[in-house]
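Quick mapping for you: the protein sequence lines, in order, are chains Z and C. Per our numbering, residue 1 is the first one in the first sequence, and the count goes up by one each step. Per our numbering, residue 1001 is the first one in the second sequence, and the count goes up by one each step. No residue lacks a Cβ here, since even glycine has one placed at the ideal position from N, Cα and C. What follows is one structure encoded as structure tokens, with my remarks underneath.
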Amino acid sequence: MALVIRRLEEHDEVENFDCGDDALNNYLKRHAWTNQQKSSIGVSYVALDEDAPRTVLGYFTLAMASVPRDAFPKKYVRGLPPYDLPLILLARLAVDRRFTGRGLGHALISEALRISLRVADEVGCRSIITDAYRDRVSWYARYGFVPVEGAAVTGPQRMFLDVRTVRAALQR
Amino acid sequence: MALKTRKKRIEVPAISPRRKTKFQADLAPAEDRAMRLLKEELQLSSNTDFLSDAVALFRWAVSERKLGHRIISESASGERKVLLFPRLERVAPDLVLPRVDIKWTGRELESLARLVSAGEANRPTDALIRAMRD
């Protein structure tokens, strides 16, 4: 299987996508294209087999976010740059369950991090954030994401990856 | 009176001949066969000419994708195929990410501030190094 990862296009086949999670399936089927093309809420990238270049096997969604400087607790503001803090949000990442175990997740996060680096180089950004399902925390940790403390115990775990760490990996 | 002028010796830098770079590749038998066949089809006798043409083609493809152009082949009947080449997609300028708002708790912001203001970033993990190499 020769894998291609590119931006989601209008006529990509998403209806049969099933990663086993309704929210992630539904986002791809109902919202990803609209959010990307019309609402500019997130850009989705899809993994496809070269032999069936419309059938989506996996996807991730990226967006920019920022934290206003004055939102930080006062005692920490001194160590931060005097601007709002720009972040890249890895909003979603999912693989169709019929194609798990073939390295698609690795290929997707690899591409997501490459794009993040390029975005960071172009517009300036210090870190990548994701909200990981609790059972996926260790998977993200393998790529260097560290938990942000203070998340609700039941919800997703917010995780942080420093762009400098990603850049260092590229230079190894 | 004749004026003596001091002759200034000017060192002319030796013009070094352009150095050529040697290129060596380990090809799997199938790739070797494919390359020989291509050379034959293109009537190229040397590997140097083959590589030079391949680089020229690749440079063109990269420059087109960098401009956001898609590379398409069209058959006589009008059927179109879009070239999808993962490494080329990496240079495509589809990089404008939209902005969203994220909600943070006070403790998350404290934690984020500590992580962001760390003097040194964490060292990359093995999986991350592999991800950036692949």
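- Considering only Z:N35, Z:K75 and Z:I128, the residue with the shortest C-alpha distance to E10 (chain Z) is Z:N35.
- Judged by DSSP secondary structure, L85 (chain Z) falls within the beta strand (DSSP E) whose first and last residues are L85 to V95.
- For Y76 (chain Z) against E1110 (chain C), the beta-carbon gap comes to about 6 Å, under 8 Å, which counts as contact.
- Under the 8 Å criterion on CB atoms, A32 (chain Z) is classed as non-interfacial with respect to chain C.
- Chain-ordered, the chain Z residues with CB closer than 7 Å to the CB of V1116 (chain C) read L80, L85, R126 and S127.
- A straight line joining the alpha-carbon of P73 (chain Z) with that of Y83 (chain Z) spans about 14 Å.
- In the structure shown, the three-state DSSP call for F160 (chain Z) is strand.
- For M64 (chain Z), the secondary structure class from DSSP, reduced to helix, strand or coil, is strand.
- Note on the region 1057-1130 of chain C: whole alpha helix (DSSP H) runs with a minimum of 4 residues are 1086-1089 and 1106-1116, in chain order.
- One thing to note: R158 (chain Z) has its Cβ no nearer than 8 Å to the Cβ of A169 (chain Z).
- Distance from the CA of R97 (chain Z) to the CA of D18 (chain Z), rounded to the nearest whole angstrom, comes to 6 Å.
- For A47 (chain Z), the enclosing beta strand (DSSP E) has its first and last residue at V43 to D49.
- Contact annotation: in the region 1102-1115 of chain C, residues whose CB is within less than 9 Å of a CB in chain Z are I1102, W1104, T1105, G1106, R1107, E1108, L1109, E1110, S1111, L1112, A1113, R1114 and L1115.
- For E149 (chain Z), the closest Cβ of chain C is nearer than 8 Å.
- Under the Cβ distance rule, R1090 (chain C) counts among the residues neighbouring chain Z, one pair being separated by less than 8 Å.
- Separation of A120 (chain Z) and I1102 (chain C) (C-alpha to C-alpha, rounded to the nearest whole angstrom) is 19 Å.
- Counting C-beta atoms within 10 angstroms of its own C-beta, L28 (chain Z) has 16 or more neighbours from the protein chains shown and is therefore classed as buried.
- In terms of CA proximity to L1088 (chain C), C:R1065 leads the group C:N1047, C:V1055 and C:R1065.
- A residue is called buried when at least 16 other Cβ atoms come within 10 angstroms of its Cβ; S110 (chain Z) meets this threshold and is buried.
- In the structure shown, the three-state DSSP call for P53 (chain Z) is strand.
- The alpha-carbon of V46 (chain Z) is positioned some 30 Å away from that of L1115 (chain C).
- Per DSSP, D131 (chain Z) is one residue of the beta strand (DSSP E) stretching across S127 to A132.
- Not a single CB atom of chain Z sits nearer than 8 Å to the CB of I1072 (chain C).
- The beta carbons of L93 (chain Z) and V67 (chain Z) sit no closer together than 8 Å.
- Around D12 (chain Z), the same chain offers V46, R54 and V56 as residues with beta carbons nearer than 7 Å, after the five sequence neighbours per side are excluded.
- The region 123-143 of chain Z and the region 158-167 of chain Z touch, with three or more beta-carbon pairs separated by less than 8 Å.
- For N1122 (chain C), the neighbours in chain Z by C-beta distance under 8 Å run, in chain order, G144, V146, D162 and T165.
- A straight line joining the alpha-carbon of A132 (chain Z) with that of E1120 (chain C) spans about 24 Å.
- Short of 7 Å from the beta carbon of G42 (chain Z), and not among the five residues preceding or following it, lie these beta carbons of its own chain, in chain order: N35, Q36, T61, L62, A63 and A91.
- As the crow flies, the alpha-carbon of K1022 (chain C) is around 49 Å from that of L1112 (chain C).
- Close partners of R1080 (chain C) in chain Z (Cβ separation under 9 Å) are lacking, with about 12 Å as the shortest Cβ gap.
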